[in-house]
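Residue numbers (this note's numbering): 207 to 370. Where is the CB? At the ideal position from N, CA and C, for every residue including glycine. One structure is given below, encoded as structure tokens.
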């Protein structure tokens, strides 16, 4: 039997088991005989939040994901149709968060808000949005009817208020 007929064996290693939202999972792919793969981050409720088909993926925990246990699942596919292997490993998300209060005014009163290019919410007609996001330096982007505006802010344990 040639190498191409070998069944795939999914295997990988995580550098640690505790992460925070917005962090990258450090993954080492140890799979054998895989001709393709799919990586998925799965929440406790079964929702899949991130997918990659890269051999060595760059997977980030979405910024608004709640704390809790998640699974990283790797499905490896063989060269023969129907051949596949799966492996899942748990990891935990625990994030120190601070509050961000965004006040949109004038042409910026109605907007969609993003932190580090990930959707965090949208304002009502009042122009106000308050969200809990991970502490650290964040690029805040507002998409409004009149254009896009960006500000870099440092989120700490106290509430940060920004006005556009």
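Residue span of the beta strand (DSSP E) that contains residue 282, given as start and end: As a first step, residue 282 is located in the chain shown; it is residue number 76 there, counting from the start. Per DSSP, residue 282 belongs to the beta strand (DSSP E) from 274–283.
Contact the stretch 271–282 vs the stretch 310–327: 3+ CB pairs below 8 Å: The stretch 271–282 is not in contact with the stretch 310–327.
Taking residue 281 and residue 216 to be in contact with their CB atoms under 8 Å, please state how far apart those CB atoms are, rounded to whole angstroms. Along the chain shown, one-based indexing puts residue 281 at 75. Along the chain shown, one-based indexing puts residue 216 at 10. About 7 Å; that satisfies the 8 Å criterion.
Touching by the beta-carbon criterion (3+ pairs, under 8 Å), the stretch 226–234 and the stretch 261–269: yes
At what residues does the beta strand (DSSP E) containing residue 243 begin and finish? Residue 243 sits at position 37 when you count from the first residue of the chain shown. Segment 242–249, the beta strand (DSSP E) holding residue 243.
Could you give the residue range of the beta strand (DSSP E) that holds residue 195? As shown, the chain starts at 207 and ends at 370. That puts residue 195 outside it, with no answer to give.
Are the CB atoms of residue 345 and residue 370 within a distance shorter than 7 Å? Here residue 370 refers to the residue found at position 164 of the chain shown. Here residue 345 refers to the residue found at position 139 of the chain shown. Contact flag unset, no.
Helix, strand or coil for residue 357 per DSSP? One-based indexing of the chain shown puts residue 357 at position 151. If DSSP states are grouped into helix, strand and coil, residue 357 belongs with the strands.
Return the CA-CA distance between residue 255 and residue 277, expressed in angstroms with no decimal places. Here residue 255 refers to the residue found at position 49 of the chain shown. Here residue 277 refers to the residue found at position 71 of the chain shown. Roughly 11 Å separates the two Cα atoms.
The beta strand (DSSP E) enclosing residue 175, as first and last residue numbers: Nothing can be reported for residue 175, as the shown portion of the chain is limited to 207 through 370.
Got a sec, what are the start and stop residues for the beta strand (DSSP E) residue 255 sits in? To locate residue 255, count along the chain shown from 1; it is residue 49. From DSSP, the beta strand (DSSP E) with residue 255 extends over 254–258.
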